[in-house]
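Residue numbers (our numbering), protein chains in the order written: chain G, 8 to 280; chain X, 1071 to 1256.
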């Protein structure tokens, strides 16, 4: 049965809130007593209108933002006023420290080892993408003078070894230079001199390369010398020579340097592409 | 005004309903609702008056003659009023008619308890927040702040006709959003 009040929810809502004139109210009552559809709509509208009237403060309250929620939560925390002023101050302090630390770390990690210098800035710019390729790793010097019996050489290397191990490369390089001048045949002294020089600024890289090349000439199977020589070449942007050294090292199948050489070679080749 | 036109049109569009035993029996829930809502009857009072009304309606429907195309519910209302008034007289109580929605003190009429009413308020808040701002404003002014339509229109700075139209649309949209929720069922 089609209803005259169909879709007249506003009329029904007016009836429900008692806003209809008496006559209309009675006319509508006479209608809904015979109309299931209107009876159902009245029941729905009564709940809706009742809820809006009595819970309107909740229903029509402006939406609560996250900052409001946070404020309410904070105000309801069972803390003294002193704590409530101390905690935000401390949190702010931590945030500032965090931002400064992150900035420092970012700045430090974006600089090449040894920092920039006027002369080398071109090189570094060329290799901005492979700056990590030029990073030199410390090589442990565990048994000084194990291959020599010369007491003076033994003494001097034993004396320099802890300096090198403490990563004081500048002093180690100075003292090893003197040792190499006196004992030019000592490949051990020359190796750690070359490595120490690689850790100093780029002016010493050429000297490091010369020392390491001399070791390879004397002993082509010297894996450590070849590895650090390749690193010296990379620092000097002599990438083809670095590849040659790494290829040779790879062929030696040295258990400690072989895989590293293979890895570095692959990275160099990727760089070429 | 729309209401006036509406009243005038009732007689023209309403189909004729024959009153018989089955029809009267089918209106039991509607009569019950009318007695609850209009006369604030509850519990045993309600059961007794409802029963008396239905019996009286079934006994006398043969004498009823719809005049001027009257609503068939008019017949039931007439009987219900008589039964209620004689019931009140018997109980030596004064007639107690009430406004339809004025039941703040009696939340159990709509909801089993306040928790359910609060839940429904939360639900309505969520649904109303999905309506356009002017719909929300109309609902707030009229159904919460109890503005008359004319005052609400002035508050919103719109013509009264426009306000009626907004009110109607807002309720329809709200009904549509709530129609699947069982809490809005009878």
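Just so you know, even glycine gets a beta-carbon here, dropped at the ideal spot from N, CA and C.
For this session: Verify whether the separation of the beta carbon atoms of residue 1240 of chain X and residue 62 of chain G is less than 8 Å.
Result: Taking the first residue of the second chain as 1, we reach residue 1240 of chain X at position 170. Taking the first residue of the first chain as 1, we reach residue 62 of chain G at position 55. Not closer than 8 Å, so no.
Exercise. Contact check, residue 198 of chain G vs residue 176 of chain G under 8 Å by CB: the rounded distance?
Worked result: Here the question's residue 198 of chain G lines up with position 191 in the first chain. Here the question's residue 176 of chain G lines up with position 169 in the first chain. Not quite, the Cβ-Cβ distance comes to about 13 Å (not below 8 Å), so this is no contact.
Exercise. Can you tell me whether residue 85 of chain G is buried or exposed, with buried defined as 16 or more other CB within 10 angstroms of its CB?
Worked result: On the first chain, position 78 is the one that residue 85 of chain G refers to. That one is exposed.
Exercise. How about residue 1108 of chain X: is its C-beta nearer than 8 Å to some C-beta of chain C?
Worked result: Of the chains in the structure shown, none is chain C; the protein chains are G and X.
For this session: Could you say which of G:228, G:83, G:243 lies nearest to residue 254 of chain G if we only look at CA atoms?
Result: Reading the first chain from its first residue, position 247 is the one you call residue 254 of chain G. Among G:228, G:83, G:243, the Cα nearest to that of residue 254 of chain G belongs to G:228.
Exercise. DSSP three-state call for residue 1088 of chain X: helix, strand or coil?
Worked result: Along the second chain, read from residue 1 onward, the residue named residue 1088 of chain X stands at position 18. Coil.
Exercise. Short check: CB of residue 233 of chain G to CB of residue 241 of chain G, under 8 Å?
Worked result: Counting from one through the first chain, the residue named residue 233 of chain G turns up at place 226. Counting from one through the first chain, the residue named residue 241 of chain G turns up at place 234. Contact: no.
Exercise. Could you give the distance in angstroms between the alpha-carbon of residue 89 of chain G and the alpha-carbon of residue 79 of chain G?
Worked result: In the first chain, the residue the question calls residue 89 of chain G occupies position 82. In the first chain, the residue the question calls residue 79 of chain G occupies position 72. Approximately 18 Å, taken between the alpha carbons.
For this session: Measure the C-alpha to C-alpha separation of residue 270 of chain G and residue 113 of chain G and round it to an integer number of angstroms.
Result: For the purposes of this step, residue 270 of chain G is identified with residue 263 of the first chain, where counting begins at 1. For the purposes of this step, residue 113 of chain G is identified with residue 106 of the first chain, where counting begins at 1. Residue 270 of chain G and residue 113 of chain G: Cα-Cα distance of roughly 26 Å.
For this session: Starting from the beta carbon of residue 98 of chain G, find every residue of chain X whose beta carbon is closer than 9 Å, and list them in chain order.
Result: What you label residue 98 of chain G is simply residue 91 of the first chain in a count that begins at 1. Those do not exist, as residue 98 of chain G stays about 33 Å from chain X at its closest Cβ, beyond 9 Å.
Exercise. Below 8 Å, can you find three or more Cβ-Cβ pairs linking the segment 262–276 of chain G to the segment 1100–1115 of chain X?
Worked result: no
Exercise. Do the CB positions of residue 1146 of chain X and residue 1198 of chain X come within less than 8 Å of each other?
Worked result: Taking the first residue of the second chain as position 1, residue 1146 of chain X is located at position 76. Taking the first residue of the second chain as position 1, residue 1198 of chain X is located at position 128. Cβ distance not < 8 Å, so residue 1146 of chain X and residue 1198 of chain X don't count as in contact.
For this session: Give a yes or no on whether 8 Å exceeds the smallest Cβ distance from residue 1228 of chain X to chain G.
Result: Position 158 of the second chain, counted from the first residue, corresponds to residue 1228 of chain X. No, because no Cβ of chain G sits closer than 8 Å to the Cβ of residue 1228 of chain X.
Exercise. Would you say residue 60 of chain G faces chain X, with C-beta separation under 8 Å as the test?
Worked result: Along the first chain, read from residue 1 onward, the residue named residue 60 of chain G stands at position 53. So, interface residue.
For this session: Taking the CB atoms as reference points, tell me whether residue 1285 of chain X and residue 1206 of chain X lie closer together than 8 Å.
Result: With chain X covering only 1071 through 1256, there is no way to say anything about residue 1285 of chain X.
Problem set entry | Cα-Cα separation between residue 39 of chain G and residue 1092 of chain X, rounded to whole angstroms | What you label residue 39 of chain G is simply residue 32 of the first chain in a count that begins at 1. What you label residue 1092 of chain X is simply residue 22 of the second chain in a count that begins at 1. Taking the straight line joining both Cα atoms gives about 17 Å.
Problem set entry | Closest Cα partner of residue 1108 of chain X within the set G:43, G:35, G:42 | Looking up residue 1108 of chain X in the second chain gives position 38. Ranking the options by Cα distance to residue 1108 of chain X, first place goes to G:35.
Exercise. What is the residue span of the alpha helix (DSSP H) that residue 72 of chain G lies within?
Worked result: Residue mapping note: residue 72 of chain G aligns to position 65 of the first chain, counting from 1. Residue 72 of chain G -> no alpha helix (DSSP H), and no H or E assigned at all.
Problem set entry | Cα-Cα separation between residue 1125 of chain X and residue 59 of chain G, rounded to whole angstroms | As a working note, residue 1125 of chain X is residue 55 in the second chain. As a working note, residue 59 of chain G is residue 52 in the first chain. Each residue's alpha carbon lies about 38 Å from the other.
Problem set entry | chain X contact for residue 66 of chain G (CB, 8 Å cutoff) | In the first chain, residue 66 of chain G corresponds to position 59, counting from 1. Yes, contact with chain X.
Exercise. Are residue 179 of chain G and residue 153 of chain G close, meaning C-beta to C-beta below 8 Å?
Worked result: Residue 179 of chain G sits at position 172 when you count from the first residue of the first chain. Residue 153 of chain G sits at position 146 when you count from the first residue of the first chain. No, these two residues do not count as a Cβ contact at 8 Å.
For this session: Quick one: residues in its chain with C-beta nearer than 6 Å to the C-beta of residue 20 of chain G, no 5 flanking neighbours on either side, listed in chain order?
Result: As a working note, residue 20 of chain G is residue 13 in the first chain. Around residue 20 of chain G: 52, 56.
Exercise. Whole alpha helix (DSSP H) runs in the segment 1200–1234 of chain X with 4 or more residues, listed along the chain?
Worked result: 1203–1209, 1219–1226
Exercise. Would you say residue 138 of chain G faces chain X, with C-beta separation under 8 Å as the test?
Worked result: As a working note, residue 138 of chain G is residue 131 in the first chain. Legend: pLDDT at residue 138 of chain G = 49, less than 50; position of this residue unreliable, value from coordinates given subsequently. Not an interface residue.
Problem set entry | Nearest-angstrom Cα separation, counted from residue 145 of chain G out to residue 248 of chain G | Here residue 248 of chain G refers to the residue found at position 241 when the first chain is read from its first residue. Here residue 145 of chain G refers to the residue found at position 138 when the first chain is read from its first residue. Taking the straight line from one Cα to the other gives about 22 Å.
For this session: Out of X:1242, X:1143, X:1184, point me to the one whose CA is closest to residue 32 of chain G's CA.
Result: As a working mapping, residue 32 of chain G is identified with position 25 in the first chain. Checked all of X:1242, X:1143, X:1184; the closest Cα to residue 32 of chain G is X:1143.
For this session: Pull up the distance between the alpha-carbon of residue 1154 of chain X and that of residue 1218 of chain X, whole angstroms please.
Result: In the second chain, residue 1154 of chain X corresponds to position 84, counting from 1. In the second chain, residue 1218 of chain X corresponds to position 148, counting from 1. Rounded to whole angstroms, residue 1154 of chain X to residue 1218 of chain X spans 32 Å at the Cα level.
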